[in-house]
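> In my numbering, the protein residues as written are 927 to 1050.
Before we start, here is the structure in question, set down as structure tokens.
So this is what it looks like as structure tokens:
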């Protein structure tokens, strides 16, 4: 039993060191992260040309940094915002042609909470 406990602690330590810990789903619930590294991608389908799409919310950073980038269907970055240490309001929105828009969130030893909600406005 002690061996299993030691192995579990070792595995958690390795996951923390190489990937960080993430509790939540970024665009659905407030997500608490500890030493998060790497990147996440989220796709938004836009069916009407001229409709704006993206995310808005807040981030509270204790250490590290998170960078949000929104790409249009052609792969061009159309919006972005960094989340350095402190508390910040976020709004990463873009509009253009219909298709798949991709939100890329890049983490660099990020510790804090990100709370994002999908935002859409029709092209009327």
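By construction, the Cβ of each residue, glycine as well, lies at the ideal position given by its N, Cα and C atoms.
Bear in mind the structure is a predicted one, so any value in this text is a computation, not a measurement.
In terms of residue numbering, what span does the beta strand (DSSP E) encompassing residue 1032 cover?
Per DSSP, residue 1032 belongs to the beta strand (DSSP E) from 1025 to 1047.
> Assuming the contact rule is C-beta atoms closer than 8 Å, residue 987 and residue 1009 should be a hit. Round their C-beta distance to whole Å, please.
Right, their Cβ atoms sit about 6 Å apart.
> If distances are taken between C-alpha atoms only, which option among 957, 931 and 1044 comes closest to residue 992?
For the residues 957, 931 and 1044, the minimum Cα distance to residue 992 belongs to 957.
> Would you call the stretch 1037 to 1047 in contact with the stretch 996 to 1003, where contact means no fewer than 3 C-beta pairs closer than 8 Å?
The stretch 1037 to 1047, when compared against the stretch 996 to 1003, does not touch it at the 8 Å Cβ threshold.
> May I have a chain-ordered list of the beta strand (DSSP E) segments no shorter than 3 residues that lie completely inside the stretch 943 to 1011?
Whole beta strand (DSSP E) segments, 3+ residues: 947 to 949, 957 to 972, 978 to 997 and 1003 to 1009.
> Check the DSSP bridge columns for residue 1016 and list the partner residues they point to.
DSSP output for residue 1016 lists 983 as bridge partner(s).
> Skipping 5 residues on each side, what residues in its chain have a beta carbon closer than 7 Å to that of residue 1031?
The answer, listed in chain order, is 952, 965, 966, 992 and 994.
> Which residue wins for smallest C-alpha separation from residue 959, given the options 1003, 973, 990 and 937?
That would be 990, whose Cα lies nearest to the Cα of residue 959.
> Measuring CA to CA, which of 935, 1012, 1042 and 1001 is closest to residue 1023?
Ranking the options by Cα distance to residue 1023, first place goes to 1001.
> If you draw a straight line from the C-alpha of residue 928 to the C-alpha of residue 968, how long is it?
The alpha-carbon atoms of residue 928 and residue 968 are separated by roughly 40 Å.
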